[in-house]
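Here the structure is laid out as structure tokens; the discussion comes afterwards.
Protein chains: 2
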Amino acid sequence: MDQKLISGTVDMMILEVAVDGPTYGYAVTQAVLQRSEGKLELKEGSLYPALHRLERSKLLTSEWREVDGRRRKYYRLTPAGKKTLQARKQDWLEFSQAVGRVLGENYGLT
Amino acid sequence: MDQKLISGTVDMMILEVAVDGPTYGYAVTQAVLQRSEGKLELKEGSLYPALHRLERSKLLTSEWREVDGRRRKYYRLTPAGKKTLQARKQDWLEFSQAVGRVLGENYGLT
DNA sequence: CCCTTTACATCGACAGTCTATGCATAGATA
DNA sequence: TATCTATGCATAGACTGTCGATGTAAAGGG
């Protein structure tokens, strides 16, 4: 898997995972890994800066919690975050379809 | 359209356009624009560095031609370029499907 | 005669990802 | 007990790649 492709989709995927309820960094990496069937591995060096970025942009809010003797920073999607997520998903849909057309539509079938 | 998503797909799309026969920079931008129905605009600041990159990597070879009083640098796909293109398309297919799964498969239908 | 289109190219700014590193704790295992 | 793996957060520096701006140049139309 070409990891360069992941650029620009990290924020969207984080927000998507957070839609199901408050979550934290490590859990996000696991969720993405599982949902993508092992294909997409969010690296820590990308994940944490992204989380901080999203919080600065008010798309996520954070809160420290102590669970099972482990401190976790839980992130919750804000209303603005939800809106942004919808827009990003729409963008992704249009973008991926556009690339598909450039590649000839049936590129996966030949 | 979020232009950040284009990162990592530029080289692939250039190679794809070149599959149909020797082409040149400006023609590539037009081809991508038309095939994507106006969605994807390869900027010159990305295009020319990419063409040079691909030539350095021996995936393309170039040749100057004079057509209708215009000098154009035609690029031709090498056998290695063809192989790389196939791999990149496969990568893209797997990647886009993986993102789709993370987003919930039916994200375009809701 | 100018404006748009065609055509190539580069530079510096900028954004975002990655590797490596650091810290810390829980639980399993040797 | 000591060590290893998994969990959990974080940052710094390297690196890559895209973009806007800028430059050059010529064709063709108004």
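These protein sequence lines are chains V and L, in that order.
To convert, take the position in the first sequence, counting from 1, and add 1; that gives my numbering.
To convert, take the position in the second sequence, counting from 1, and add 1; that gives my numbering.
By construction, the Cβ of each residue, glycine as well, lies at the ideal position given by its N, Cα and C atoms.
Fair warning: this is a prediction, and the values are worked out from it, not measured in the lab.
query = Given a limit of 9 Å on CB to CB distance, which residues of the region 84-110 of chain L reach chain V?
reply = Listed in chain order, the positions of the region 84-110 of chain L with a beta carbon within less than 9 Å of a beta carbon of chain V are Ala88, Arg89, Lys90, Gln91, Asp92, Trp93, Leu94, Glu95, Phe96, Ser97, Gln98, Ala99, Val100, Gly101, Arg102, Val103, Leu104, Gly105, Tyr108, Gly109.
task = Return the first residue and the last residue of the alpha helix (DSSP H) that V:Leu34 is part of.
result = Counting from 1 along the first sequence, the entry for residue 34 of chain V is found at position 33. Counting along the chain, V:Leu34 sits inside the alpha helix (DSSP H) bounded by residues 26-36.
task = Use the C-beta contact count for V:Leu110: other C-beta atoms within 10 angstroms, 16 or more gives buried, fewer gives exposed.
result = As a position in the first sequence, residue 110 of chain V is number 109, starting the count at 1. For V:Leu110, the predicted structure reports a pLDDT of 49, less than 50, and the residue's modelled location is therefore unreliable. The matter cannot be settled from this model.
query = Would you call the CB atoms of V:Leu61 and V:Tyr76 closer than 8 Å?
reply = Translated into the one-based positions of the first sequence, residue 61 of chain V becomes position 60. Translated into the one-based positions of the first sequence, residue 76 of chain V becomes position 75. In contact: V:Leu61 and V:Tyr76 (Cβ atoms closer than 8 Å).
inquiry  = For V:Glu17 and V:Leu86, which I take to be in contact (beta-carbon distance under 8 Å), what is that distance rounded to the nearest angstrom?
reply    = In the first sequence, residue 17 of chain V corresponds to position 16, counting from 1. In the first sequence, residue 86 of chain V corresponds to position 85, counting from 1. Taking C-beta atoms under 8 Å as the contact rule, V:Glu17 and V:Leu86 qualify, at a distance of about 6 Å.
task = Could you pull out every unbroken beta strand (DSSP E) segment of at least 3 residues lying fully inside the region 12-97 of chain L, listed in chain order?
result = At a cut-off of 3 residues, the continuous stretches assigned as beta strand (DSSP E) that sit fully inside the region 12-97 of chain L are 61-68, 71-78.
query = Closer than 8 Å, CB to CB, is V:Lys40 near chain L or not?
reply = Here residue 40 of chain V corresponds to residue number 39 of the first sequence, with the count starting at 1. Chain L, which has a Cβ nearer than 8 Å to the Cβ of V:Lys40, makes this yes.
request  = Consider the Cβ of V:Ser47: report whether some Cβ of chain L lies at a distance smaller than 8 Å.
outcome  = Against the first sequence, residue 47 of chain V aligns to sequence position 46. Not an interface residue.
task = Examine the Cβ distances between the region 92-101 of chain V and the region 39-46 of chain L and report whether three or more of them are shorter than 8 Å.
result = Segments in contact, yes.
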